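**Student:** Residue numbers (our numbering): 157 to 295. Backbone N, C-alpha and C fix where the C-beta goes; we use that ideal spot for every residue, glycine too. Since this is a predicted model, take the numbers as computed values, not measurements. Take a look at this one; I'll ask things after.
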Amino acid sequence: MGNKKCSEENATPLEWNQSFSVGAPIFDSQHKSLFEIINRLQVACEAGAEKDLLLTIIANLYSYSTSHFRDEEATLKRKQSPLLVEQELQHALFLDYVIDLETKVKAGSSTVNEDILTFLKVWWEEHILKIDKQYENLF
157 MGNKKCSEEN ATPLEWNQSF SVGAPIFDSQ HKSLFEIINR LQVACEAGAE KDLLLTIIAN
217 LYSYSTSHFR DEEATLKRKQ SPLLVEQELQ HALFLDYVID LETKVKAGSS TVNEDILTFL
277 KVWWEEHILK IDKQYENLF
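Shown next, in the form of structure tokens:
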């Protein structure tokens with residue numbers, strides 16, 4: 157999971173803009189909230205936050221992601237979208253990553269760092285732009 161320390165110079169927060177819109181206001185709103193959680197994790201990392209604060213934010217990321225994924229998957233199922241299977245797979249992989257991160261931070265074998273933040277940011281940007289955008293025409 158890398159070990160590059162967080163630094164403000166290299167930190168670019170996730171910024172939601174209209175290019176991330178998936179055509180469903182509820183999902184756009186949830187994506188914005190997920191961006192905010194990751195940005196809070198970045199700020200905490202840059203500030204050298206204690207493990208407990210990092211774990212709280214990671215738990216929030218897991219909880220909110222789980223809720224968002226549940227909403228998204230329920231909508232795709234209701235609309236009988238063939239995109240559901242890929243979404244479920246991607247969501248499970250992301251949640252596994254977050255669980256692994258939480259376990260390693262708890263154990264002290266890893267902490268949040270630039271490599272992890274970059275992964276989270278890139279995952280969400282790519283997931284929305286490449287995977288979620290495919291269901292835009294359903295709304």
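Output needed for residue 273: all residues of its chain with C-beta closer than 6 angstroms, excluding positions within five of it in sequence on either side, in chain order.
**Tutor:** Cβ neighbours of residue 273 beyond the five flanking positions: 198.
**Student:** Taking 8 angstroms as the threshold, find out whether the segment 167 to 176 comes into contact with the segment 244 to 251 through three or more Cβ pairs.
**Tutor:** They do not touch, by the three-pair rule.
**Student:** With a 10 Å radius around its C-beta and 16 neighbouring C-beta atoms as the bar for buried, classify residue 292 as buried or exposed.
**Tutor:** Per the 10 Å Cβ criterion, exposed.
**Student:** Just reading off the alpha helix (DSSP H) that residue 272 is part of, what are its end residues?
**Tutor:** Its alpha helix (DSSP H) spans residues 270 to 282.
**Student:** Should residue 236 be labelled buried (16 or more other beta-carbon atoms within 10 Å of its own) or exposed?
**Tutor:** By the neighbour-count rule (16 or more Cβ atoms within 10 Å), residue 236 is not buried but exposed.
**Student:** Quick check on this structure: which residue in 225, 163, 202 has the alpha carbon closest to the alpha carbon of residue 190?
**Tutor:** Nearest of 225, 163, 202 to residue 190, Cα basis: 225.
**Student:** Within this structure, are the beta carbons of residue 210 and residue 261 separated by less than 8 angstroms?
**Tutor:** Yes.
**Student:** Taking DSSP as the reference, what is the three-state secondary structure of residue 293?
**Tutor:** In this structure, residue 293 counts as helix in the three-state DSSP scheme.
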